[in-house]
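Data block below; observations after.
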Amino acid sequence: MRAIVFLLFVVLIFLIARFVLNRVIEIREKQRQQELQKNKAQQAKENNHPEEMVRCAQCGVHLPQAEAYFDGKDTFCSEGHMQQYHAEHAKK
Ligand SMILES: [Zn+2]
Numbered sequence: 001m002r003a004i005v006f007l008l009f010v011v012l013i014f015l016i017a018r019f020v021l022n023r024v025i026e027i028r029e030k031q032r033q034q035e036l037q038k039n040k041a042q043q044a045k046e047n048n049h050p051e052e053m054v055r056c057a058q059c060g061v062h063l064p065q066a067e068a069y070f071d072g073k074d075t076f077c078s079e080g081h082m083q084q085y086h087a088e089h090a091k092k
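Sequence positions in the sequence shown follow our numbering and run 1 to 92.
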């Protein structure tokens with residue numbers, strides 16, 4: 001009789017351990033998916049707001065606004081093109 005009680009006890013502990021393990025795995029999986037969704041949301045955000053591109057008024061090349069030269073009216077890829085553009089338009 002004692003052996004049966006002990007066996008039941010062992011089975012009970014085994015079931016509890018399995019339940020806890022399943023819960024832990026479930027929680028970890030949830031956290032992992034939340035992390036993945038966060039990363040996806042972050043990427044979508046970045047894709048929706050790419051770096052502003054501007055066009056050089058002199059040669060027409062496109063470049064990020066942060067690297068462009070701006071004279072208050074037009075943007076240029078380099079200081080040289082800005083001066084060239086102004087020189088050409090001053091003549092006319
Ligand atoms: Zn240019």
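Positions of the beta carbon are idealized from the N, C-alpha and C atoms, including for glycine.
Local conformation of residue i per DSSP, three classes
i     : result
Met82 : helix
Val54 : strand
CB contact flag (residue i, residue j, <7 Å)
i     : j     : result
Pro64 : Glu51 : yes
Asp74 : Ala57 : yes
Pairwise C-alpha distance: residue j and residue i
i      : j     : result
Val89  : Phe76 : One detail in the question is off: residue 89 reads as His in this sequence, not Val. Roughly 14 Å separates the two Cα atoms.
Ile95  : Val10 : Residue 95 lies beyond the stretch modelled for the chain, which goes from 1 to 92, so this question has no answer here.
Arg2   : Glu35 : 49 Å
Ile13  : Phe6  : 11 Å
Cys59  : Asn47 : 27 Å
Gln33  : Arg18 : 22 Å
His62  : Gln84 : 17 Å
Ala66  : Lys91 : 30 Å
Glu26  : Ala44 : 27 Å
Tyr152 : Arg55 : Outside the displayed span of the chain (1 to 92) sits residue 152, for which this structure offers no information.
Cβ separation of residue i and residue j, assumed to be a contact under 8 Å, to the nearest whole Å
i     : j     : result
Met82 : Asp71 : 6 Å
Ligand 2 heavy atom lying under 6 Å from the CB of residue i
i     : result
Gln43 : Among the ligands present in this structure, namely ligand 1, ligand 2 is not found.
Exercise. Okay, do the segment 38 to 46 and the segment 15 to 22 touch, 3+ Cβ pairs below 8 Å being the bar?
Worked result: Flag = no, the segment 38 to 46 and the segment 15 to 22 do not touch.
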